[in-house]
Amino acid sequence: MHWSDVVAQRLSERGSKHIVSTGITPSGEFHIGHLREILTGDMISKAARKAGLDAEFVFIVDSADPLRKVYAFLDDSYSKYIGHQLKKIPPPDANGCPDMQRFAMGVSYADHFLEPFKKALEQIDVHPRFIDNFDAYASGQFAETSQIACNNADKIREIIERVSGRELSPDWFPWNPIDSNGSIDGIRVTGWDNPIVSWIDSEGNEGQSDVTKGEGKLPWRIDWPAKWAWIGVTMEPFGKDHGAAGGSYDTGKEIVVLFAQQAPVDLTYEWISLRGQGAMSSSSGNTIGPLEALSLVPPEILRYLVASTKPNKAIEFDTGMGLVNLADEFERTTSRDFSIELEKEGLSRRQLVAIEDAKTALELSLISPREETSSVTFRHLAMLAQTKSKDEDVWKSLGIDGSIPQSMVDRLNRMRTWVHSNHFPEELRIAILEQPSSEAMAQMSEENVRLLPELIKSLRLSNWEAASIQTSISSTAKTLDLSPRHAYRALYLCLMGTERGPRLPPILPELDQETILNLLDACLQIKQES
RNA sequence: GGGCCUGUAGCUCAGUCAGGUAGAGCGUCGGGCUUUUAACCCGAUGGUCGCGGGUUCGAACCCCGUCGGGCCCGCCA
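Take 1246 as the starting number for the first sequence in our numbering and just add one per residue.
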């Protein structure tokens, strides 16, 4: 059974109405790691609906969280905003400086980072109900839970200290008021008289905060279960950081009982890292944003990556050859006929499970029905994108005429972007040698050598366009009673230094005939000398 | 110190919850393909399941130990 169906089954054991929740703090650039959170939630919701449950998918934007520190991409002038809520501070401009102009137009720090992510979600076909946490506080959604938390400060303290094993300071209180400057740092609660919290800030200013009006926020470990309570969350996937023993899920599970609610079904997922570069980290700039990823990879494939990997498995996102293999695997999967495979007799349990999982992973990945014409492998398209500068030549080569499906246009555009990026693997890059490679020459077989002079002759006479070159190559081979295979191998060794290569006939016309012939002559000379 | 995840074919992984003669894809090798030659089709190759014990008629799977990798326990998906 696919992992999403396993979760759906757990949900069905608890009831028929569900709210699957995810949440992210918009403290910096979003990256593909965040996509796992949201895709996991999306897929669980879909599986739940498939199982006949009533499931809603929500995405909480933690815009009430404070700025923790001046991140590497921010100007030092942000230091004055540390401790201020992300919804209440200006967005950074291109230099990382506070952009007061946009801020005046209503764009907050949180909005700045959230907007591109929302666009990525559109592309990847995820449509959650967005909940802005700051607004939720302001509109009183947290009023009841905040009051309960403050009334039960001792119980909550006991839970956190016991479960997480950390000691809370004597003046700890389950409410972070906002001080006279707008910060929730360095402030001390001095009294609680429902619904008013009295406080004194680091500068000695005193004030009062009404917990029912969002004049502050609950600390994270309480904020989370409070959200479960007021939204009615019954399922939430979260990163392994929250899932550790004594982590926020463990404390939340007990705290939520005070709010007369049951903790949601949980699912801990592993992180996504960049291949060879370790974990995704905004501060080191070691990230790939969802939009950047989507400029290279079709959304279906990003979905497939998450759908086909069990949540507890770490994903290494590889923008090079790994991507090619993933994309080609996806392509093969789309062309499988699962109904036939499943009817086959004598399938072992394992085989059956593997087929079902692949089928479900594919269903969860598809955004729109695939058109027949789109079954071109990544490799093949990579080659076409490199050898044909005009789109129409690509369509011609693929045998698509008439109207070109939009999905194909998108794929080709992405491929061109990828080819021109530094992510594109050298292995797939088409490069003609400038000098004969002695290493490759040593690999020339007797047939290859025999063919070479004839090939040169024939190519010199050809019209230097695809069809003519094709004929030259195969007829030369036939004349010598050899398979065209040998002719191609000879050419690949001479021109590219490899035993195999992409289809030559469409590529050669893009190159200068004399240059190619000179190179071949040089190769021939080497073989004749030896 | 406490805890979580992970180690299976050259590579990426499935199989571990419900123990029953090691699986898939990629790669590699061989063949086919008179022309989508990095495509496609057919075939083959390939693993003492990290290591050591235990339970069992039988262990990749359960139990104990051990080694290696990643991570969490202040914030981070």
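Even for Gly, the Cβ is constructed at its ideal location relative to N, Cα and C.
Annotation for P1482: the continuous beta strand (DSSP E) segment containing it runs M1480 to G1484.
Of the candidates S1425, F1483 and S1409, the residue whose Cα lies closest to the Cα of G1492 is S1409. In this structure D1438 is exposed. Its beta-carbon is surrounded by fewer than 16 other beta-carbon atoms within 10 angstroms. Bounds of the beta strand (DSSP E) holding V1442 are I1441 to I1445. Beyond the five residues adjoining it in sequence on each side, H1487 comes within less than 7 Å, by CB distance, of S1493 and Y1494 in the same chain, given in chain order. L1678 is not a Cβ neighbour of R1656, given a cutoff of 8 Å.
Cα atoms of L1256 and D1638: separation of roughly 51 Å, rounded to the nearest angstrom.
Around the CB of G1431, fewer than 16 other CB atoms lie within 10 Å, so the residue is classed as exposed. In the pairwise beta carbon analysis, the region 1279 to 1294 is classified as not touching the region 1350 to 1360: fewer than three pairs are separated by under 8 Å.
In this structure, P1556 sits away from E1499, with a CB-CB distance that is not shorter than 8 Å.
If you draw a straight line from the Cα of A1253 to the Cα of K1295, it comes to about 9 Å. Annotation for G1385: T1457, K1458 and G1459 place their beta carbon closer than 8 Å to its own, counting only its chain and skipping 5 residues before and after. Under the DSSP definition of a beta bridge, E1561 partners with S1518. By alpha-carbon distance to F1483, the top candidate from N1397, I1546, S1610 and H1279 is H1279. In the three-state DSSP reduction, D1370 falls in the coil class, being neither helix nor strand.
Between the beta-carbon of I1445 and that of R1433 there is about 5 Å, and that keeps the pair under the 8 Å contact cut. For H1263, the enclosing beta strand (DSSP E) begins and ends at K1262 to I1269. Looking only at V1621, W1640 and F1575, the smallest Cα-Cα distance to L1609 is reached by F1575.
Counting along the chain, the unbroken beta strand (DSSP E) around V1306 starts and ends at D1299 to V1306.
Membership of D1455 in the beta strand (DSSP E) is indicated by the continuous run E1451 to D1455. DSSP places T1435 in the strand class (E or B) of the three-state scheme. With a beta-carbon spacing of about 17 Å, I1600 and L1611 fall beyond the 8 Å limit used to define contacts. I1585 is classed as exposed because its beta carbon has fewer than 16 other beta carbons within 10 Å across all chains shown. Here P1415 is exposed: its Cβ has fewer than 16 other Cβ atoms, across all protein chains shown, within 10 Å. Contact check for S1249 and T1760: beta-carbon distance about 54 Å, past the 8 Å limit, so the pair fails to qualify. Between S1682 and the set S1652, L1706 and C1768, the nearest pair of CA atoms involves C1768. About 4 Å separates the beta carbons of A1355 and P1271, which is inside the 8 Å limit, making them a contact pair.
Contact check for I1277 against P1535 passes: the beta carbons are separated by less than 8 Å. Checking the DSSP bridge columns, you'll see L1512 partnered with P1482. Between the alpha carbons of E1301 and I1283 lies a gap of roughly 13 Å. When the beta-carbon positions are compared, G1746 and E1684 stay at least 8 Å from each other.
CA-CA distance, V1664 to M1628, rounds to 9 Å. Taking the Cα of T1267 as reference, the smallest distance to any Cα among I1376, E1774, L1706 and S1447 is reached at I1376.
Scanning the region 1706 to 1752 from its first residue to its last, the whole alpha helix (DSSP H) runs of 4-plus residues come out as 1711 to 1724, 1729 to 1740 and 1749 to 1752. DSSP, reduced to helix, strand and coil, places K1472 within a helical segment of the structure shown. Per DSSP, E1412 lies in no alpha helix (DSSP H) and is assigned neither H nor E.
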